[in-house]
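**Q**
Residue numbers (mature numbering (1 follows the signal peptide of the UniProt record, and there is no 0)): -19 to -1, 1 to 466.
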């Protein structure tokens, strides 16, 4: 079937009624919440591609009020005791809650305390808000919390969507996409429509702390059709896609600029805003002018010949690359990047598990993961290495986008909706890992989540993004049919 026809069909997609069990899903008990088999539904999207909807658990969590200190609702025992005394002085009855942020593969456990006031059912959130107002009038910062977000024991519910792709019968390919511009964010549904994809999900995290015009930049590796468009965070996990095969591994990248005279230097960034004294490279996929700073730029043609040397802030013409330096890197460009000279730029991406270079062919696409969840069939959460060893990320529940690969090479993509009181609680890292292991993943990673979590079939978003509408994101994982390229 042509990819265009698939896209039209999926626009009107609706899942069948939920059943007690569905072929293709595990028959063992669901690993989250109360024991049992989740209600589920299934649909074939194309040969080798199956789509599942899972529902499990029931809502028993309500609202509470949490005291906030320095922007956080968890604190030391001493601080919690002092805050509890302040709450009592305000005429309210506090509860001090001790909890443990569990150990992960690369970070030890730690104890924290919270100060909370009251419990209210879902239909009495307004009563909790009154307590927050009373506390604030007493000079105590506080907020209303839905207890389903806590990460503590819960009965759910969970609303999960899963796509599996079996390379033995699937005849299309996997692609990554950054949309029309590496600098600008785009919705998953827009990227899926442009590629005539059968299905798609959001990819990795993107940089929301850089210059506004560059906030589509992935915060890790991105390779599209064999071209490195964002450098790796060394050692961070990624999803390597080659044709219709997928695997998960730790990655590094290296870009080196070698002038015809002088020493080679490392290009430390690709398509992002430079830091002091950095040399970065911009490709035509940037989709906008380079940053206008006090740096220098060398424009290279496809052969590496310097066709122009200029001040920073110019466009990247088709078929060219721009080396952009600030500080010491700008001085290097002014010295070695003379018009008509040659600067040879080499790019390598290395699989750190095998220590082998990954061939950057047109069939190679790579999406950067945020956290390793499962490795070799065992739960192994690498939150510290990946910069997310904190209570909010490890303990708390959020919407999640997850990717995994089975021992037979089947790709598993799952989205867990969350932040929807009474409807779905999301997942912690440990719950996400348990889910992917239950689904059969030998290796699994966490992609971007929260309001970014989105699954698209054809042109339609089939999950329920927590922002209330689909969010524009940095990149996406696309599943395309054999005639879509």
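Beta carbons: idealized from backbone N, C-alpha and C, even for Gly.
May I have the straight-line CA-CA distance separating residue 89 from residue 55, to the nearest angstrom?
**A** 17 Å
**Q** Assuming residue 459 and residue 158 form a contact by the criterion Cβ under 8 Å, report the distance between their Cβ atoms to the nearest whole angstrom.
**A** Confirmed, about 6 Å.
**Q** Tell me whether residue 236 is buried or exposed, calling it buried when 16 or more other Cβ atoms sit within 10 Å of its Cβ.
**A** Residue 236 should be labelled buried.
**Q** Please identify the residue among 23, 292, 303 and 286 whose C-alpha is closest to the C-alpha of residue 250.
**A** 303
**Q** According to the neighbour-count rule (16 or more other Cβ atoms, all chains shown, within 10 Å of its Cβ), is residue 150 buried or exposed?
**A** exposed
**Q** Which first and last residues belong to the beta strand (DSSP E) in which residue 208 is found?
**A** 208 to 211
**Q** Per DSSP, residue 278 is paired with what?
**A** Here residue 278 is bridged, per DSSP, to 291 and 305.
**Q** Quick one: grab the DSSP three-state call for residue 174.
**A** helix
**Q** State the Cα-Cα distance for the pair residue 280 and residue 231, rounded to the nearest angstrom.
**A** One C-alpha to the other measures close to 32 Å.
**Q** Can you tell which of 461, 462 and 433 has the C-alpha that lies nearest to the C-alpha of residue 189?
**A** 433
**Q** Could you compute how far the alpha carbon of residue 417 sits from the alpha carbon of residue 347?
**A** Near 20 Å, if we compare the C-alpha coordinates of residue 347 and residue 417.
**Q** Using a Cβ-Cβ cutoff of less than 6 Å, which residues in the same chain neighbour residue 169 once the five nearest sequence positions on both sides are dropped?
**A** Cβ neighbours of residue 169 beyond the five flanking positions: 181, 183, 435, 437 and 457.
**Q** Using the C-alpha atoms, what's the distance from residue 424 back to residue 228?
**A** 8 Å
**Q** Does residue 359 pass the burial test, meaning 16 or more other C-beta atoms within 10 Å, or should it be called exposed?
**A** exposed
**Q** Do the region 29 to 40 and the region 133 to 148 make contact, defined as three or more Cβ pairs closer than 8 Å?
**A** yes
**Q** Three-state secondary structure (DSSP) at residue 11?
**A** coil
**Q** Contact defined as beta carbons within less than 8 Å: I believe residue 82 pairs with residue 406. What is the distance between those atoms, to the nearest angstrom?
**A** With a beta-carbon spacing of about 18 Å, residue 82 and residue 406 fall beyond the 8 Å limit used to define contacts.
**Q** Buried or exposed: residue 409, going by 16 or more other Cβ atoms within 10 Å of its Cβ?
**A** buried
**Q** Please report how far the alpha carbon of residue 115 lies from the alpha carbon of residue 62, in whole angstroms.
**A** 19 Å
**Q** DSSP state of residue 339, grouped into three classes?
**A** coil
**Q** Whole angstroms are fine: how far does the CA of residue 308 sit from the CA of residue 198?
**A** Looking at the two C-alpha atoms, the distance is approximately 22 Å.
**Q** Pick from 122, 201 and 207: whose alpha carbon is nearest that of residue 51?
**A** 122
**Q** Bridge partners for residue 94 per DSSP, in chain order?
**A** In the DSSP output, where bridge partners are listed per residue, residue 94 has 56 and 79.
**Q** Round the Cβ separation of residue 306 and residue 314 to the nearest angstrom and send it over; I've been treating them as touching at under 8 Å.
**A** 5 Å
**Q** Report the three-state DSSP secondary structure of residue 156 (helix, strand or coil).
**A** Residue state, collapsed to three classes: strand.
**Q** What residues are listed by DSSP as bridge partners for residue 474?
**A** Any property of residue 474 remains undetermined from this structure, which presents the chain solely from -19 to 466.
**Q** Assuming residue 217 contacts residue 201 under a Cβ cut-off of 8 Å, what Cβ separation, rounded to an integer in Å, is found between them?
**A** 5 Å
**Q** Can you tell me the Cα-Cα spacing of residue 387 and residue 148, whole angstroms?
**A** If I take the Cα positions, the gap works out to 11 Å.
**Q** Can you list, in chain order, the residues of its chain with a C-beta nearer than 8 Å to that of residue 162? Leave out the 5 residues immediately preceding and following it.
**A** 197, 266, 267, 268 and 269
**Q** Quick check on residue 271: buried or exposed, where buried means 16 or more other Cβ atoms within 10 Å of its Cβ?
**A** buried
**Q** Just to confirm my understanding: we take residue 338, look at its own chain, exclude 5 residues before and 5 after, and list those with CB closer than 6 Å. What are they?
**A** Excluding the 5 residues flanking it on each side, residue 338 has same chain C-beta neighbours closer than 6 Å at 329 and 331, in chain order.
**Q** Name the one or two DSSP bridge partners that residue 139 has.
**A** Beta-bridge pairing links residue 139 to 37.
**Q** So what's residue 195 in DSSP terms, helix, strand or just coil?
**A** Residue 195: helix per DSSP, three-state reduction.
**Q** Between the Cα of residue 527 and those of 275, 1 and 102, spot the shortest distance and give me the residue it belongs to.
**A** For the chain, the structure presents residues -19 to 466; residue 527 sits outside this window and is missing.
**Q** Go ahead and pull the three-state DSSP assignment for residue 433.
**A** The three-state reading of DSSP puts residue 433 in helix, counting H, G and I together.
**Q** What's the gap between the Cα of residue 205 and the Cα of residue 258?
**A** 28 Å
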